[in-house]
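Peer 1: So the sequence shown is numbered by the working numbering: it starts at 844 and just counts up by one.
Glycine included, C-beta positions come from ideal geometry on N, C-alpha and C.
Below is a structure I'd like to ask you about.
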Amino acid sequence: MSNASTPALKPPRDAGRRKIYPRTAKGIYTRWRWFFVFATQLFYYGMPWLQWGGRQAMLFDIEARRFYIFGLVLYPQDVFYLTALLIISALLLFLFTAVAGRQWCGYTCPQTVYTEIFLWVEEKFEGNRAQRMKLDASPLSWNKLRRKAGKHLVWIAIGLWTGFTFVGYFTPIRALAADVLALSVGSWSLFWILFYGFATWGNAGFMREQVCKYMCPYARFQGAMFDRDTLIVTYVKSRGEQRGKRSKTADYKAQGLGDCIDCTMCVQVCPTGIDIRDGLQYECISCAACIDACNDVMDLMGYPRGLIRYSTEAAIDKGWNTRQMLRRVLRPRVLVYSTVLAVAVVALVVSLALRTPFKVDIIRDRVTLARLVKGGQIENVYRLHIQNATEHEQTFTLAVQGLPGLALAEDVQPRVVLGPEQSASVPVQLHLPVDTVAPGSHRIHFVVSAPAAGTVSEKSVFIVPR
Ligand code: SF4
Ligand code: SF4
844 MSNASTPALK PPRDAGRRKI YPRTAKGIYT RWRWFFVFAT QLFYYGMPWL
894 QWGGRQAMLF DIEARRFYIF GLVLYPQDVF YLTALLIISA LLLFLFTAVA
944 GRQWCGYTCP QTVYTEIFLW VEEKFEGNRA QRMKLDASPL SWNKLRRKAG
994 KHLVWIAIGL WTGFTFVGYF TPIRALAADV LALSVGSWSL FWILFYGFAT
1044 WGNAGFMREQ VCKYMCPYAR FQGAMFDRDT LIVTYVKSRG EQRGKRSKTA
1094 DYKAQGLGDC IDCTMCVQVC PTGIDIRDGL QYECISCAAC IDACNDVMDL
1144 MGYPRGLIRY STEAAIDKGW NTRQMLRRVL RPRVLVYSTV LAVAVVALVV
1194 SLALRTPFKV DIIRDRVTLA RLVKGGQIEN VYRLHIQNAT EHEQTFTLAV
1244 QGLPGLALAE DVQPRVVLGP EQSASVPVQL HLPVDTVAPG SHRIHFVVSA
1294 PAAGTVSEKS VFIVPR
């Protein structure tokens, strides 16, 4: 997990499960976490309902083998663009992790976001941390049953809505909603709604920090992207120690104490149940709840804020201020990630800009390579497969280039009209006057163009027999 230049991420101390009852934190970072909860959920739940040109704006229609992303329609042969998008996302995550550590985990990861929402629901039904602990320790009663049942009903409703939305990215959500209301939803859709709903309920309601600790692959390899200049949540040991209780008015420095009053608030708010004062740990998701909690304590005691703070190992060791710390953002590792990312983004944008929204495939007739037809012409036969990948009707014009006198046969229709997202296979005969070129195989080009979609030139060969 760690290397010479990487902060030591301590592995989980034990694999046993101890239920964690996080106390609710208040402060700037908690507000930011809730901002991201709203932003991500607005996107996730809202996007499938957004319409674009009379259809769902974002739809990965696996059955029809088409992906719709606003104005873009991608087909299986466009897998390059999806691969490029995945590579860019991975590079973005590498870059972000090298600079900002595990902020993705702390603020926007679905596991964190749903755990936050589920904890909020739990608190509404079962009360604050102390009340929840008391309720769990109490024998079964009507009050306990009522609170637990209410909580689970809301959790299940959120889980099912999440599952329904997930399926709505792969099948038109309005039709799916109508099917659900009519109780006639297909078996696969129903399976995935229930599966995803169950996963949400289980992961956010029960597994919680266990997912981050033992299941998340990102948590396993993010140490390789960390270095001493990566932003982490850290406890300033030199300032906090010797920790110990004291009265607010005591001259604690005279008693040999540091700023940590050992109130354990930072531990109580931690969703992964760790004590950040033990140093950077594998379980820390950088959510900054402990920063908010400790800042509150510092305010109460009249001490400066920032005993626990976002900083870097190098900044803490060398006593750098924020400006000195920020200067280290542009370091070789970050520049390499940024360059590779910029190249990948430019390549994707350029290839999308140059993409013609129709495809042409040419297949030569393998039975008759070439034959003589009336009028002293050599005939070669082809089949043109044209796919209109736009969402509008297109008129495609066929032409051929490459040999003097080469032309479409008289009975070939030089225009093909295709409806939105339609494809057609068109037989095409080419004629060339005899003795125009030497016998053999000659490179030619089919040129297919549509006024609103551009031009595609596809190469093929014309055979002149001996
Ligand atoms: S919240 Fe701050 S003062 Fe309290 S134990 Fe944690 S580090 Fe010490
Ligand atoms: S130690 Fe602090 S930042 Fe890390 S997970 Fe716990 S509360 Fe969040």
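Any idea what DSSP makes of Leu-996, helix, strand or coil?
Peer 2: helix
Peer 1: How many whole angstroms separate the CB atoms of Tyr-918 and Ala-1232, which I take to be in contact at a CB cut-off of 8 Å?
Peer 2: 6 Å
Peer 1: Taking the Cβ atom as the reference point for each residue, do His-1285 and Gly-1248 lie within a distance shorter than 8 Å?
Peer 2: Between His-1285 and Gly-1248, the C-beta spacing is not below 8 Å.
Peer 1: In this structure, how does DSSP classify Ala-1093 when only helix, strand and coil are distinguished?
Peer 2: coil
Peer 1: Which of the three DSSP states is assigned to Trp-895 in this structure?
Peer 2: strand
Peer 1: Where Trp-985 and Leu-934 are concerned, what is the direct C-alpha to C-alpha distance, given to the nearest angstrom?
Peer 2: Answer to the nearest angstrom: the Cα atoms are 52 Å apart.
Peer 1: Tell me where the alpha helix (DSSP H) around Ala-1242 begins and ends.
Peer 2: Ala-1242 -> not in any alpha helix (DSSP H); beta strand (DSSP E) instead, spanning 1237-1244.
Peer 1: Grab me the residues of Pro-1015's own chain with a C-beta within less than 7 Å of its C-beta, minus the 5 sequence neighbours each way, in chain order.
Peer 2: Gln-899 and Leu-902
Peer 1: Using the beta-carbon count (16 or more within 10 Å), is Trp-1031 buried or exposed?
Peer 2: Per the 10 Å Cβ criterion, exposed.
Peer 1: Hey, would you say the C-beta of Tyr-1153 is under 7 Å away from at least one heavy atom of ligand 1?
Peer 2: no
Peer 1: Is the beta carbon of Val-1307 less than 8 Å from the beta carbon of Ala-1281?
Peer 2: Note that the C-beta distance between Val-1307 and Ala-1281 is below 8 Å.
Peer 1: Sort His-1228, Arg-1071, Val-1177 and Leu-1191 by Cα distance to Ile-1159 and report the nearest one.
Peer 2: Arg-1071
Peer 1: Would you check if the distance between the CB atom of Phe-1007 and the CB atom of Ile-960 is smaller than 8 Å?
Peer 2: no
Peer 1: Measuring CB to CB, does Leu-1150 end up less than 8 Å from Asp-1102?
Peer 2: yes
Peer 1: Taking 8 Å as the threshold, find out whether the segment 1177-1194 comes into contact with the segment 1202-1221 through three or more Cβ pairs.
Peer 2: Flag = no, the segment 1177-1194 and the segment 1202-1221 do not touch.
Peer 1: Does ligand 1 have even one heavy atom less than 7 Å from the beta-carbon of Ala-1136?
Peer 2: yes
Peer 1: For Phe-886, count the other beta carbons within 10 Å of its own beta carbon; 16 or more makes it buried, fewer makes it exposed. Which is it?
Peer 2: exposed
Peer 1: With distances taken from CA atoms, which of Ala-1018, Val-1010 and Lys-1056 is nearest Gly-1040?
Peer 2: Val-1010
Peer 1: Pull the bridge partners of Val-1269 from the DSSP assignment, please.
Peer 2: Leu-1227
Peer 1: Rounded to the nearest angstrom, what separates Ile-930 and Met-1068 at their Cα positions?
Peer 2: 16 Å
Peer 1: Can the beta-carbon of Glu-1052 be found closer than 8 Å to that of Gly-1116?
Peer 2: Cβ atoms of Glu-1052 and Gly-1116: closer than 8 Å.
Peer 1: Using a Cβ-Cβ cutoff of less than 6 Å, which residues in the same chain neighbour Val-880 once the five nearest sequence positions on both sides are dropped?
Peer 2: Answer for Val-880: Val-956 and Glu-959, listed in chain order.
Peer 1: How about Glu-966 and Cys-1055: do their beta carbons lie closer than 8 Å?
Peer 2: no
Peer 1: Hey, would you say the C-beta of Thr-1077 is under 7 Å away from at least one heavy atom of ligand 3?
Peer 2: What this structure holds is ligand 1 and ligand 2, not ligand 3.
Peer 1: Could you tell me which of Pro-1175, Phe-1305, Leu-1227 and Leu-1019 sits nearest to Val-1269, measuring between CA atoms?
Peer 2: In terms of CA proximity to Val-1269, Leu-1227 leads the group Pro-1175, Phe-1305, Leu-1227 and Leu-1019.
Peer 1: What does the Cβ neighbour count give for Tyr-911, buried or exposed, with the cut at 16 atoms within 10 Å?
Peer 2: buried
Peer 1: Any chance the segment 1286-1306 sits against the segment 1237-1244, with 3 or more Cβ pairs inside 8 Å?
Peer 2: yes
Peer 1: Taking 7 Å as the line, does the beta carbon of Met-976 fall inside it for any heavy atom of ligand 1?
Peer 2: No.
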